[in-house]
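In this note's numbering, the protein residues as written are 6 to 633. Some notes on the structure that comes next.
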C-alpha cells in the first residue's frame with residue numbers, strides 16, 4: 006500500500022513538471038482533493054471501531070458477571086430454604102400454645118363446673134335445710150310464747166294446736182329434705198334428732214288434747230301437771246331445735262370446706278399451667294426472635310447483593326451507552342465523508358467528460374494528440390492508482406463494516422444477557438414477595454394466638470396478668486411485622502412493574518439491534534457491488550491506457566482508436582454513474598443505521614434510567630427490611 010502511494014505521488018510530481026495544460030492541472034488538483042478526503046475518511050472509519058476493545062472487554066466481563074449472579078442466586082436460595090425452619094418452629098409453637106390454652110380452658114371449665122355443682126348442692130342444702138331448721142327453731146320459740154299466752158288467757162288451745170301443726174309440717178319437710186339429698190352418717194344424726202323432736206311434738210299434741218280450750222286460772226298453772234309437762238317438753242323442744250340447727254351447720258360446713266379445697270386445687274393447677282404456658286411461650290419467643298434476626302440478616306445480605314448487582318448492571322448500561330454514542334458520532338462522520346466522496350466522484354466524472362471532449366478534438370487537432378495522449382496516459386495512471394487505492398480502502402471499510410456487524414452481535418448478546426439478568430432479578434423479588442406473604446400469614450396467626458391468650462389470661466383473672474402482658478407484646482410484634490411486610494410488598498410491586506417495563510425496553514432494543522445488523526449486512530452487499538464496479542473501472546482504465554499507447558505509436562489508427570477510447574470513456578462515465586448511485590444508496594443505508602443507532606441509544610438511556618430507579622427501589626427495600 007505504501008509503495009503504490011509513493012509511486013502515485015511521484016507520478017503526480019512528474020506530471021506537474023512536464024504538463025502545463027489547464028486540463029492536466031485541473032485533473033491533478035482534482036485527484037489531490039479526492040485523495041486527501043479518502044485518507045481522512047479511512048482514518049475516521051478506523052477510529053469508528055477504536056472502541057471495540059472496550060466492547061470486547063465488556064463482553065469478556067459478561068460471562069463472569071453471569072456466573073457471579075447465578076452463584077449468588079443459588080446461594081441465596083439455599084439460605085432462604087434454610088430460613089424456612091422459622092415457619093416450622095412458629096407452627097409448632099402455635100400448636101403447643103393452642104394445646105396449652107385448650108388444656109387450661111378445659112381444667113378451668115371443669116373446676117368451674119364442679120364448683121358450680123357443689124355450690125348448687127350446698128345452696129340447696131343451706132337454702133332448704135337451714136331455712137327449715139331455723140324456721141323450726143323460730144316456731145318453737147313462737148310456740149313457747151303462744152303457750153305462755155294460753156296460760157294467761159291471751160290465746161286459746163286452737164292457737165297452740167295450729168302452731169304445733171305448722172311445726173309438724175316444717176319438721177316433715179326437713180326430714181324429707183335430709184333423707185332425699187344425702188344418706189351419710191351426719192345426715193343420719195340429723196334424722197335421729199328430727200325423730201326425737203317428733204316425739205316431743207307428739208307428747209305436746211297429746212298434752213294439748215287434754216287441756217281446756219282456754220285456761221281458767223293462771224295461778225293454778227304451777228300446780229297443773231299437764232301444764233308442767235307441756236312446759237318441760239317445750240324446753241326440750243327448744244334444746245332439740247338448737248341441736249337440730251347445730252347438726253345442720255356441722256353437716257354443711259365440711260361440704261363448704263371441700264369446695265374451698267377443690268377451688269384452691271383448681272386455682273393452683275391453673276397457675277401452674279399458666280406458668281408452663283408462659284415459659285414455653287418465652288422459649289419459643291426467644292427462639293423465633295433469634296431465627297427472625299438471622300432471617301433478617303439473610304434479607305439484608307440479599308438486598309446488599311441486589312444493590313451491588315444493580316450497580317454492575319448500571320455500569321454495563323453506561324458502557325453500552327458510551328459505545329453507542331461513539332458509534333453514532335463515527336457514523337455521522339462516515340456519512341459526511343461519503344457525501345464528500347460523492348462530490349469527488351462528480352469531479353472524476355467531469356474530468357472524464359473533459360477527456361471525452363479532448364478525444365473529440367483529436368481529429369481536428371492532430372498536433373496536440375500526442376500531448377493529449379500523454380496527458381491522458383498520466384491521468385489514467387493517476388486515476389488507476391487512485392481507484393486502486395480507493396478500492397483497497399473500500400475493502401478496508403468492508404472489513405470495518407464486518408467488525409461493526411460483530412460488535413452489533415456483541416451488543417445484541419449483551420442486551421439479551423441484561424434482559425436475562427433483569428428476569429433473574431424479578432425472580433429474586435418474587436422469592437422475597439413469597440417470603441413476605443409467609444411472614445404476613447405468620448403475623449396473622451401470631452396475632453390470633455395472642456388474642457386467644459389474652460382472653461384466656463383474662464378468664465384466669467389475677468393469676469393470668471403476666472401471661473396477658475406477654476400476649477400483648479406478642480400481638481404488638483405481630484402488628485409491626487404485618488405493617489413492615491405490607492410496606493415491603495408495596496415497594497416490591499413497584500419494583501416488579503418497573504422490571505417488567507425494563508424487560509420490555511430490552512426486548513425493543515434487541516429488535517432494533519437485529520434490524521441494525523440486517524441493515525449493516527445490506528451495507529456489506531453494497532460495498533461488494535462497489536468493489537466489483539471499481540474492478541471493472543480499473544480494467545477499463547487499463548484498456549484506455551493501452552489504447553492511448555497505441556495512439557501515440559501509430560497516428561494512422563488515431564480515429565479508430567479514438568472511437569474506442571470514446572466508447573471506453575462512455576463506459577467509464579456509465580460506471581461512474583453506477584458508482585455514484587451505489588454510493589448514494591450506501592449513504593441512505595448509513596443514515597438508516599445512524600437513525601437505528603440513535604433509537605438504540607435512546608432505548609439504552611431509558612433502560613439506564615429504569616436501572617437507576619430499580620436501584621433506588623432496592624435501596625428502599627434494604628432500608629425497610631433493616632427497620633424490621
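Each residue gets a CB set at the ideal place from its N, CA and C atoms; glycine is no exception. As the structure is a computational prediction, the values presented were derived from the model and not from experiment.
Notebook entry, point to check: Does DSSP put residue 159 in a helix, in a strand, or in coil?
Noted result: coil
Check: With a cut-off of 7 Å, does the C-beta of residue 458 fall near any C-beta of chain B?
Finding: Judged by its chain identifiers, the structure shown contains no chain B, having just a single protein chain.
Item checked: Short Cβ contact (7 Å threshold) for residue 213 with residue 165 -> yes
Item checked: Coarse secondary structure for residue 212, derived from DSSP in three states -> helix
Note to self: For the pair the segment 500-512 and the segment 425-433, tell me if three or more CB-CB distances fall below 8 Å.
What the structure shows: yes
Note to self: So for residue 388, helix, strand or coil by DSSP?
What the structure shows: helix
Item checked: Other residues of its chain near residue 169: CB distance less than 8 Å, five sequence neighbours each side excluded -> 148, 206, 209, 210 and 213
Note to self: Which same chain residues end up closer than 8 Å to residue 144 when comparing Cβ atoms and leaving out the 5 residues on each side of it in sequence?
What the structure shows: 168, 171, 172 and 175
Next item on the list: Would you mind stating whether residue 483 and residue 448 have Cβ atoms separated by less than 7 Å?
Entry: yes
Margin query: If contacts are defined as beta-carbon pairs under 8 Å, then residue 510 and residue 611 qualify, I think. What distance do you get, rounded to the angstrom?
Written below: 6 Å
Check: Counting Cβ pairs closer than 8 Å, one from the segment 283-302 and one from the segment 234-248, do we hit at least three?
Finding: no
Margin query: On the CB-based measure, 16 or more other CB atoms within 10 Å of its CB, does residue 409 come out buried or exposed?
Written below: buried
Notebook entry, point to check: By a C-beta neighbour count over all protein chains shown, 10 Å radius and 16 as the cutoff for buried, is residue 190 buried or exposed?
Noted result: exposed
Notebook entry, point to check: Taking residue 320 as the reference, which of 479, 617, 578 and 418 has the closest Cα?
Noted result: 617
Note to self: Less than 7 Å between the C-beta atoms of residue 487 and residue 442, yes or no?
What the structure shows: no
Notebook entry, point to check: Can residue 162 and residue 218 be called in contact, C-beta distance under 7 Å?
Noted result: yes
Notebook entry, point to check: Taking the Cβ atom as the reference point for each residue, do residue 514 and residue 420 lie within a distance shorter than 7 Å?
Noted result: yes
Check: In or out: residue 118 buried (at least 16 other Cβ within 10 Å) or exposed?
Finding: exposed
Notebook entry, point to check: If you draw a straight line from the alpha carbon of residue 249 to that of residue 159, how long is it in whole angstroms?
Noted result: 30 Å
Checklist line | Distance between beta carbons of residue 275 and residue 455, contact taken as under 8 Å | finding: The Cβ separation is near 19 Å, so there is no contact.
Note to self: Quick check on DSSP: helix, strand or coil for residue 319?
What the structure shows: helix
Item checked: Best match in 541, 587 and 142 for proximity to residue 253 [C-alpha to C-alpha] -> 142
Next item on the list: Can you have a look at residue 479 and say buried or exposed, based on whether 16 or more other CB atoms are within 10 angstroms of its CB?
Entry: buried
Next item on the list: Taking the CB atoms as reference points, tell me whether residue 106 and residue 477 lie closer together than 7 Å.
Entry: no
Margin query: Looking at residue 538: is its Cβ nearer than 7 Å to the Cβ of residue 583?
Written below: yes
Notebook entry, point to check: Roughly how many angstroms separate the alpha carbons of residue 615 and residue 314, rounded to a whole number?
Noted result: 14 Å
Next item on the list: Would you kindly work out how many angstroms separate the C-alpha atoms of residue 197 and residue 261, rounded to a whole number?
Entry: 23 Å
Notebook entry, point to check: Can you round the beta-carbon distance between residue 547 and residue 580 to whole angstroms, since I take them to be within the 8 Å contact cut?
Noted result: About 13 Å; that fails the 8 Å criterion.
Note to self: Using only CA atoms, which one of 422, 277 and 256 lies nearest to residue 183?
What the structure shows: 256
Checklist line | Classification of residue 295 by the beta-carbon crowding that lies within 10 angstroms, buried from 16 upward | finding: exposed
Notebook entry, point to check: residue 218 by DSSP, collapsed to three states: which one?
Noted result: coil
Next item on the list: Measure the alpha-carbon distance for residue 624 versus residue 500 and round it to whole angstroms.
Entry: 11 Å
Note to self: For a quick check, are the C-beta atoms of residue 245 and residue 201 less than 7 Å apart?
What the structure shows: yes
Check: With distances taken between CB atoms, is the gap from residue 215 to residue 231 smaller than 7 Å?
Finding: yes
Item checked: Sequence-distant residues of the same chain with beta carbon closer than 6 Å to residue 533, five excluded per side -> none
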